[in-house]
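In this note's numbering, the protein residues as written are 5 to 207.
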């Protein structure tokens, strides 16, 4: 869509000079801290909304579809509709994250979202933290991104002859970490929380 629809996002050239919220109000030396607070507030609001959603009947239907799609359909649930709703919800959350990223960097283009950042790193974050746990997903994001950015500085310490291989070394480190997690913690660091209906607990 970015590349082919120039009217929407300026095609392959991308968007430049995006405005930053309250840039003229917040002093420049404090703007990064202000924006970090905004990101944390948005993340907290999204987290609370998702936690309420997965504990609702709607969330329980999604879990039932994940566990046994045929049984959920036989129970009268519209599997396609629920899948579409979860896809739309996930896309909305990614859109919010993309908006925060774009307005912070003030520029966005298709070549920024390579398969590495758009797929591989995201999956590693989820698998590391725990794909069935929202807190695990947040923990995995901080952990993997911290390792990814931290190794960028560590590669500067490599000998000159090894600097050309630095990106591959970073891939290797993340890959080894993923293998260790899959071997020793296949459910992730936190893993999915097993919940019992409060009606059963009361009984």
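Beta carbons are placed, not taken as given, at the ideal position from N, Cα and C, and that holds for glycine.
- Using a Cβ distance threshold of 8 Å, residue 104 and residue 43 count as a contacting pair.
- According to the DSSP assignment, residue 196 belongs to no alpha helix (DSSP H), since it is labelled neither H nor E.
- If you check the CB distance, residue 22 and residue 110 come in under 8 Å.
- Within its own chain, the residues whose Cβ lies closer than 6 Å to the Cβ of residue 136, once the five positions on either side in sequence are excluded, are 196, listed in chain order.
- When beta bridges are read from the DSSP output, residue 104 appears opposite no residue.
- For the pair residue 133 and residue 144, the CB atoms are nearer than the 8 Å cut-off.
- Taking 8 Å as the cut-off, the Cβ atoms of residue 114 and residue 10 do not count as close.
- The three-state secondary structure of residue 19, taken from DSSP, is strand.
- Your pair residue 158 and residue 141 does not check out as a contact, with CB atoms roughly 26 Å apart and the cut at 8 Å.
- Taking residue 126 as the centre and dropping the five residues before and after it, the same chain places no C-beta closer than 7 Å to its C-beta.
- Taking every protein chain shown into account, the CB of residue 66 has 16 or more other CB atoms within 10 angstroms, so this residue is buried.
- By the neighbour-count criterion, in which 16 or more other beta carbons inside 10 Å mark a residue as buried, residue 152 falls on the buried side.
- Within the DSSP bridge table, the entry for residue 112 names 19 as partners.
- Taken in chain order, no unbroken stretch of beta strand (DSSP E) lies wholly in the stretch 25 to 50 with a span of 3 residues or more.
- Taking C-beta atoms under 8 Å as the contact rule, residue 138 and residue 37 fail to qualify, at a distance of about 25 Å.
- Sequence-distant Cβ neighbours of residue 123 in its own chain, meaning closer than 8 Å and more than five residues away, do not exist here.
- Looking only at 146, 75, 76, 15, the smallest Cα-Cα distance to residue 47 is reached by 146.
- Within the same chain, and ignoring the five residues on either side of residue 54 in sequence, the residues whose Cβ sits closer than 6 Å to its Cβ are 138.
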